[in-house]
Structure formats: C-alpha cells, structure tokens
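Data first, discussion second: the structure below is written as structure tokens.
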Amino acid sequence: MKDYKETLNLPRTRFPMRGNLPKREPQRLKKWQEADLYRKWVEKREKTGKYFIIHDGPPYSNDAIHLGHALNKIVKDFINRYKALKGYATPFIPGWDNHGMPIEHRVTKQDPEISKILEDPHALKDPRIREKIRIKCRREAEKWIKVQREQFIRLGILADWDNYYYTMASSYESKETEIFADIVEKGFVYRGFMPIHWCPHCQTALAMAEVEYKTKESPSLWFLLKVKDDKKGIFDGKEGYALVWTTTPWTIISNVALAFNPTFDYVVVEVDGNRYLLAEGLLESNAKTLGWENYSVVKKVKGAEIEGTVFEHPFFERDSVAILADFVTLEDGTGIVHIAPGHGKEDFEVGREYGLPIISPVDETGHFTEEAGEMFAGLDTNQASDKVVQVLKERNRFMHLGTITHEYPHCWRCKSPLIFRATEQWFLNVDHNDLRKKALDEIDNNVVWIPPTTQVTMHNAVEFRPDWVLSRHRAWGVNIPAVRCKNCGEIILDPIVIRNAAKIFAEENSDAWYTHPVEDFLPEGFKCPKCGGEEFEKEYDVLDVWFDSGASSLVLEQTHNMPWPTDIYLEGLDQFRGWYNSALMVAVAERGKAPYRIVVTHGWTLDEEGRPMHKSLGNVVDPVRVADVNGADVLRLWVASTNFTQDVRLGEHILAQVADNYRKIRNTIRFMLGNLSDFDPSNDQVPINEMMPVDRFMLHRLEEVKEQVTAFNEAYEFHKGFYNMFKFMVIELSGFYLDITKDRLYTWGKNSKGRRSAQTAIFQILRELLIMLSPLISFTADEAWEHLPGDKEEFVFLEDWPAPVDERRDEELAADFNRLLQVRDTVLVAIEKARKEANILSDRLEARVEIFTEDQKLKQVLQKYRDQLYEIFIVSQQVDIVDLRPDLPIVVEGEGYVVGVDHARGQKCARCWLWSEDIDEDGLCPKCRVALGKE
RNA sequence: GGGCCCGUAGCUCAGUUGGUUAGAGCGUUCGCCUGAUAAGCGAGAGGUCGGUGGUUCGACUCCACCCGGGCCCA
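Those letters in the first sequence? Residues 1409 to 2343, by the working numbering.
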C-alpha cells in the first residue's frame, strides 16, 4: 500500500518532550534577569495603583535553605504571581534575620581566634571582645545571605533580589532603634527580674541553646512547713505540716510559696501524733521512703481547696502561701512543690500570676549575698544546701535526706552544673495601654486567618503570653542604648539617648555603641534622674531578635517604601509565638493596629512516614538538590499538589510521582503546541458560532475550569485549583479531546474549517491554561509560552489572568455532551469486549457502532450529533441510530440505551486508517480524496 | 504532662447543611496501538473513611474516649 504519511498534518514543535530542567531552568533564569523581568512585572501593574503586599518573614541566615524555607517561599511566589496576573502590583522584598544566638554560638565555637579568647570565661563581658565577636558574626551572616539568595532564585522565586532587607543593615538597625525609642517613650518598657540559667563558674547567663542536660547526683530532701493560718480548715485548726520535697535545698532560702495541683486529692495523715499534708497519690511511696508504719488518713481535700492557706517558712520569719499550679505532678515528691520565683522558670511564672516577691540573693559567682542573712551569706550553693539541712534539723523541719540521680542542666562551655538566678532584664509590658486587649481585638476582628482554625491558636498565644523579655546578655544583636549612672548605679533608658544612638547607627551600624564614647549618645547636660549624677557608662545588653523581626513592617515602611499595613504574612505554624506575635505586639504598641490583614499558615515539612526531617534520620530532602536533579518546577509542582495548610510530606516516592505528573503535563502541552505549528491565530481562528460542537464543548469546559481555578486561587487553595487543571488536561484533553480530534487535525485539509476549528479550541485552551499554570510551574509555562503562536507578551507573567468569556458558555451543549460521554463509556466497554471476547477486532478504528434507545431525549441528542459520533467514539463509519435492538456480535446495555459493535465494513483507507466502503484504486476514502484535492 | 492541629485506597487529594453500592488522578496489573513514541489509548484490581462507644430511622460527616503523628509550651 502507498505511504501517505507525508501528506498528513502531523504535530511539529521544537518544545522538547523531555524537560531537562536542571539544564534549561538556569538558562531561563538568566533570560529573566537579563530582561529585568521582576521590574517589568511590578511596574506594569503599578500604573493601576493597586498593590498586594506579602511581607516576607526573614529566614535566619546561618545555613543553607531547607525544604521548609522552599515551601514557604514557593507558596509566597504562587500568591505574588497570581495576584500580579490579576492586575496587582506585587513588589516583593525578601528579607533575612541576622542577629542572635545560633550565629554567635557558631562563631564562638568554631572560630579558632574567638574560641581561644573565650577560654577565659569572663571575656564575653568585655565590650572589646564582644565587638570582635560581632565582626565575625556579621561576616557569617553575610555569607549565608548570599548562599540563600542564590538558592531562592534557583527555585524561581520572583522578588527584588537586589534590594532585600536584612536586620543587621545599618538602616534597619537605626529604624528599629527608633521604634524601640517610641515604645520606651510610650511607657511600655520596664526593668524587672527574671530567672535564667546561670553558670557560676563562667559567671555568665546562658541561652537555651547553650544548656546541656547531663546526669547529676543531687540531694533529695523532704522537709516541713508548719501551717500558720489554716483559713480553709485543712488541719481542722490543729497543728500540722506540709510535707515538701526538693533536689535543690539551697533554694528553700528563697521560698515564698507552696504549689498544689488543683485537681489532685490531698490527705492529712497522722503519724506518731504529727499531722502531715501531701498528695493522696503519693502517700504510699512517701510512707515507704519515710518509714511510716502506723499512719492514718484523717482528712481528704482537693488541691483547689488548699489555695490561700498560709504556712511558715521553715527558718525565716516569712509566710509561704499555698498556690495552685498545673505543673505539679505525681511523678515524684509529695505533690507539693516548693516555690522560689527567683530560682525557677515555672516558679517565676506562677509567682507572677500570684504577685509573689522574687528573692534571689545569689551573686554572679554563685555565692549568697548579705540579703540571704548571716546564716548563709558567703556560702556557695552546695555549702548553702548543707547548711539548710542543718538548720532544718535544728528547727525540727527536717524529715529525710537521700540522693537522687537525674538529668540536670550543665554549662556547654565548662560543663559545670547551672543554677537558676534572677537577673535584671528589660521587659515589654504586654498590658500597658491595653496592648493585649487591642491585640486580641485585632486578631478577632481585623485579621483573616487561613486556615480559619489558626485564629484560636493565635488568640491563645496572645491571651496567655507573659511580658516580653526584650533584653539578652549577648554580643550579637542590636544594642539597647541604656546607660548606668556611675554615681548611684541607676540604669537609665532615655528615649533621647536611644534616638541619638539611632542617628549614629544610621551612619555606621549598631557596632557604634562599642566604638563611640558614651558622651556621643548623651544630650547636653544629661543628668541621672535619680541622683543628678553626671557620669555614665554604657550597658551592653542587646535586643531580643524577635524584636528585630517584629519591627520589620515598620522598618520597611521607611527603608523600602513598603505600604503599611501589609496584606499577607505567610509562615509556618511555629510562628504563633514567634513572628506573628512579636510583629503584632510592636505594631499595636506603635500604631494600635495589626501589621497584616491576612495571615496564612503552612504546615511542617515531614518525610514520607510523617516524621520530621533530621540529619540523624537520614530523611532530609534538600530542595536545592531537587532543583538540580529533578528541576525547580518539579518541586514547585509538589507544592502545588499539596494542601500546605497541613503538614506536608516529601520523599523519594512522592517526588517520583510528582515527576510523573510533571511529564504528563509537559507532554500534553507539547502535543497541543505541536498541533498549532501551522496555526496563525490572527488569520486562522474560527468564530465560535462556526466551530464544531465538540470544540465548543471544550471551550465551555475551559470556562468552568477557569471559574473553579480562579475561586480556589482566591482562597489560596492552590492545590484544588491545580487538580482541576490537571484533571482537565489528563482526562478531558489528553484522554478524550486531543485523542478524538487527531483524525481531523492529521487527515483533514490543512485549511479545512473542521481542522481550523479544532486548532482554534486548542489554541485558546492552551493559551489560557499556560497563564493559569504560570504561577505554579513558572519555568515550564514560560518556556511553552515562547512556542505559542500569536501576539503575546514577552513573558507569560506579564499577561492578564484570563477573564470569563460568556460566549463560550453553552449549558445545553454541555448537557448534550455529558450524556454523549456516558454513551461513549459504554461504547468503549463494548469495543473492549469485541476485542477480548469476540476477538473480532484489535483496533478501535476497525469498529462499527449501532445504538438503540427508546429514550426520546437521548435519541434526539444522538441524531443531533450523528455526524460527529464516529469521531467522539473514534470508530470507523457513521454510527447508526437504529430502531431495533442491534443484532451484532457484541451488545452492551447502557442506562436507557443499547450499544452494538461489529467489525467495520469495507476496507481500511491507506491514509487515514478509517474503514470505508468507498475506497478508490489508490486506497483512499472520500474524505482523504478531498484532503488531497483529488475531488 | 498541657494547648492547638492532623489521620479517607500504595501516593497526592475530593467528599456540599449527616441520606442510597465512598470518588478522582497517579502508581500497579492486564490489554491495544506504533502517525503525541524514553509517548498515546482502553480495561481491571485496590478503602470495615485511625480505633472504640454514643446520638440518630440513617454517620466519613455530630459527640466522648482511645491510638498514631505534628507544632508550640513544659
């Protein structure tokens, strides 16, 4: 038979089947950069005056990016790119958080010069050493900004990469310091005590990251507090004692309260004529430890009822009141916890609730001061513990002493055990000027939370947060410009001094606090407000890094001309107590308003088993490696496929699946492009009312898909929008429409209306799909865009989001086709049977179909599209609508109709492979004769 | 231990105000095609909706408890 392949209009395109993304994406990035895409993208919409601002939460600059960073920035990129297509100007200023412990820690540990200096534990207190450390920290932070910036660019994040913000920039530090001055001026900042981990050997405060837990042997002491005012009648007015247990006897010196769990049952037991109060659940174990043989319970009471009972301090003339705390457990001890707010975090917090005094008479070296009284002054904590036991014995408050081995905090540097010691700190009063109340009002009434349940999380995080500890005794941060009066020791935080510092920071940076003499910061004639002293020295505390980033929206308003408030903050679910919170506190304190209108929260990135990614588990997925091996678009497609408001999983298998889906999308796009190779949209488009029915049906479907995708994108549910497009492409385009139109596209005359009609539909569908896909798989969409015929913007991102086209809507047509598609399913089943059971054909094109129905409505529909049915079913020859149940080898029942299948009559056309009873001497059917101009 | 959240086929996701035999795509198995070809098409298998108890005529959907996982706090 003659080969007619050359006469067919087969697909042709230079858009490659294989993405080869690792190689091609960097080339495209270069192209975008050279064309200054970001600027064009923003400026095009700036003319409209409508802005949509995502304020980037700054990642910490101490390492390469991880998958969580990638997820975060890719989702932000989806939103920015979508909003831009919708006509908003979307300037996006990426940022970095530079100050803080992790970098300082790394530098002090790993830099040989610094770690040598710090062998002297007192060195960190020396401002000159701190200055040295800061220089190293700055360098370290700079290094990682550069690395991360390149990595984010590689992922295709469209942003103002040359104009990013970073918290150690002099302009940033200066503006932040001004904001701090405002807050001080408004009366939010006070100086108070706060217990923190302290190393008596190094004489320094330790951050959480510097604490190592190690096994330690400690005393295990049972002691007594005598009831003084039995307000609730717990002891029925008789003499009695609270039985208390501790592993740090020296802290009893600072005891001010006893904590009971409100839900536990407590009992008063009588032993040898004495009455002791303890938790019922621990009675047996304590009786054993204390050697009680004959004891009887004389009273039982709920913990909650004990609140307010007053006890005597075991050896000082001081009260110790009964309070309630949930953290009291039945794990060990007596169910009564001795509270010393100066020596424990929980003690401190519960103490604040009850307004208890903070007693902490321990100096920097771990020795008791005069304040502890003559019994203890000068002793270190170990000596004091021995002394406490001795005194307890003398006063008949001692019950039992043993030893216990437990996990106890130690210094990471010198390995010695730590103590909790109250230190002076700067606090932000969260209730000053109704800050908390206003913040809660913003959360509940003026901010949209996505997903909605996060509103509760945030509400709770603010409602129950303690005052904000603003200061850190560290080197690497923005200095708090406080000064100490040399005469009276008063520490002064004066807005004028702070503003002076801000001015100097603007010229240099916050290192200036070290390099300038204190006089440079003081106004003319500055005097100590307490004693009138005129000589001062600088204090060297730095601001908590959460203040750095918390101030960012207000800083960027000035440094980057960013609108305020911003539209969206979008971060991971760990930020309710972090950035969302600190940003809200600063903004409400400063402006009385939240800095964000919408807060979108994404989940955590986990491995395929749902475990967090850890180096030790070997389950870490490196996003940059994914980009380098599979392509950034595969990673972006993964994000587009997941519901990011929940925890998201990624690993080898999931990645393989995403890569498969990517290939399917790419190939579908490629096939469409291939069929448009000879299509000139300005000349060849067929008006919609002249198009073939199935082509119009697909445009109707495009409208439906577009409407859904738009709605889902508006709700930030990108994965739902994506699956809509994906299923449209896979099932309806690849599986149905593109398959059935091949005959028309390949074998009909090049300029035939039928062929041009199909091309028109394909062109319009592809064009709009590419725009809608461009926020997600940006590299691929833009690559395909280059190959799309017709007038178009230079980059797909500069187009407008496709608007609804009412003329494409045809509900009646759609209803008809949805019915025909049901019939099609039955036809396919019948053909499958004809192949397998009857073995009368191998290829669908060899089939001939008859349909019988008594459903008049269906019959009408079938007759209406009679001429198209063979195409829709991909069979040869006219489909017969018959008046009797078909008498054919294969008959299959559908819902209200019967389908019959037999082998087609006649012969196979050598060109189009359809069977016909009218094949000429060249092997051609009538249609092909027309196409070749033979008739 | 506390607060908040999550748990539908191997994987990623849908499941409207509780209402008939729980859906899709991918993957898998089988088959077809070789004019989308390191492609394309068809068919099949696969789920006691984490578990238990309850409310209801009826629950994947509401309630309680439990199990597993995550984040934050301790």
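Using N, Cα and C, we set each Cβ at its ideal position, and we do this for glycine too.
Limits of the unbroken alpha helix (DSSP H) element including residue i
i, result
"Asn-2344", "In this structure the chain extends from 1409 to 2343, so residue 2344 is not present and cannot be described."
"Gly-2308", "That residue, Gly-2308, is in no alpha helix (DSSP H); its beta strand (DSSP E) goes 2305 to 2311."
"Pro-1603", "From DSSP, Pro-1603 is part of no alpha helix (DSSP H) but of the beta strand (DSSP E) over 1597 to 1607."
"Val-1891", "Val-1891 -> not in any alpha helix (DSSP H); beta strand (DSSP E) instead, spanning 1891 to 1893."
"Val-2338", "2334 to 2339"
"Ile-1744", "Careful: Ile-1744 lies outside any alpha helix (DSSP H), inside the beta strand (DSSP E) at 1744 to 1747."
"Glu-1772", "It is not in any alpha helix (DSSP H) - Glu-1772 carries neither H nor E in the DSSP assignment."
Neighbour-count burial assignment, residue i, 16 or more Cβ in a 10 Å radius
i, result
"Gly-1476", "buried"
"Arg-1562", "buried"
"Asp-1644", "exposed"
"Asn-1488", "buried"
"Thr-1612", "buried"
"Cys-2320", "buried"
"Glu-2357", "Shown here, the chain extends from 1409 to 2343; a query on residue 2357 therefore has no answer."
"Cys-1607", "buried"
"Met-1425", "exposed"
"Asp-2223", "Per the sequence shown, residue 2223 should be read as Ala rather than Asp. Exposed, by the Cβ-count rule."
"Met-2100", "buried"
"Val-2037", "exposed"
"Glu-2325", "exposed"
"Val-1705", "exposed"
C-alpha gap between residue i and residue j, whole angstroms
i, j, result
"Gln-1363", "Tyr-2278", "The requested residue 1363 is not part of the displayed model; the chain covers only 1409 to 2343."
"Asn-2247", "Val-2257", "16 Å"
"His-1968", "Arg-2078", "42 Å"
"Asp-2199", "Ala-2067", "31 Å"
"Ile-1642", "Leu-1685", "9 Å"
"Glu-1558", "Ala-1549", "15 Å"
"Lys-1801", "Val-1677", "21 Å"
"Phe-2187", "Met-2080", "18 Å"
"Gly-1711", "Trp-1834", "35 Å"
"Lys-1583", "Pro-1903", "13 Å"
"Glu-1692", "Asp-1852", "49 Å"
"Asn-1804", "Glu-1832", "36 Å"
"Gly-2129", "Gln-1863", "24 Å"
"Ala-1748", "Gly-1763", "12 Å"
"Ser-2142", "Asn-1868", "49 Å"
"Leu-1848", "Val-1855", "10 Å"
"Leu-1901", "Gly-1885", "17 Å"
"Pro-1603", "Gly-1759", "12 Å"
"Cys-1545", "Leu-2045", "37 Å"
"Pro-1722", "Leu-1732", "20 Å"
"Lys-1431", "His-2127", "27 Å"
"Val-2117", "Gly-2162", "30 Å"
"Trp-1504", "Gln-1556", "9 Å"
Continuous beta strand (DSSP E) stretch holding residue i: start and end
i, result
"Thr-1811", "1806 to 1819"
"Asp-1637", "1619 to 1637"
"Leu-1836", "1827 to 1836"
"Val-2117", "Premise fails: Val-2117 lies in the alpha helix (DSSP H), 2101 to 2122, not in any beta strand (DSSP E)."
"His-2010", "2004 to 2010"
"Thr-2076", "Not the beta strand (DSSP E): Thr-2076 falls in the alpha helix (DSSP H), residues 2060 to 2082."
"Tyr-1977", "1974 to 1980"
"Trp-1857", "1856 to 1858"
Heavy atom of the ligand NAD within 6 Å of residue i beta-carbon
i, result
"Leu-1632", "Questions concerning the ligand NAD fall outside what the structure shown contains, since it holds no ligand whatsoever."
| field | Those runs of the beta strand (DSSP E) which lie wholly inside the stretch 2252 to 2279 and span at least 3 residues | value | Listed in chain order, the beta strand (DSSP E) elements of length 3 or more contained wholly in the stretch 2252 to 2279 are 2255 to 2261.
| message | Would the stretch 2224 to 2244 count as touching the stretch 2262 to 2281 if we require 3 or more Cβ pairs under 8 Å? | response | Yes, the stretch 2224 to 2244 is in contact with the stretch 2262 to 2281.
| field | Contact between the stretch 1463 to 1481 and the stretch 1516 to 1532 (3+ Cβ pairs under 8 Å) | value | These segments do not touch.
| field | At least three beta-carbon pairs within less than 8 Å, the stretch 1943 to 1956 to the stretch 1780 to 1799 | value | The answer is no - the stretch 1780 to 1799 does not touch the stretch 1943 to 1956, with fewer than three Cβ pairs under 8 Å.
| query | Along the chain, which unbroken stretches of the beta strand (DSSP E) at least 3 residues long are found entirely within the stretch 1681 to 1725? | reply | Counting whole runs of 3 or more residues, the stretch 1681 to 1725 contains the beta strand (DSSP E) stretches 1682 to 1687, 1703 to 1710 and 1718 to 1720.
| query | Which ranges does the beta strand (DSSP E) cover as unbroken runs of at least 3 residues, wholly within the stretch 1918 to 1952, from first to last along the chain? | reply | For the stretch 1918 to 1952, whole beta strand (DSSP E) runs of length 3 or above, ordered along the chain, are 1944 to 1946.
| task | May I ask you to verify whether the stretch 2302 to 2317 touches the stretch 2137 to 2144, counting CB pairs closer than 8 Å and requiring at least 3? | result | Touching, no.
| Where are the alpha helix (DSSP H) runs, 4 residues long or more, that stay fully inside the stretch 2204 to 2249, in chain order? | For the stretch 2204 to 2249, whole alpha helix (DSSP H) runs of length 4 or above, ordered along the chain, are 2219 to 2244.
| message | With a threshold of 8 Å, are at least 3 pairs of Cβ atoms found where one atom belongs to the stretch 1457 to 1467 and the other to the stretch 2174 to 2193? | response | As far as the Cβ criterion goes, the stretch 1457 to 1467 does not touch the stretch 2174 to 2193, which means the pair count is below three.
| If we count Cβ pairs, one from each stretch, closer than 8 Å, do we get three or more for the stretch 1664 to 1679 versus the stretch 1713 to 1728? | Contact between the stretch 1664 to 1679 and the stretch 1713 to 1728 is established, with three or more Cβ pairs separated by less than 8 Å.
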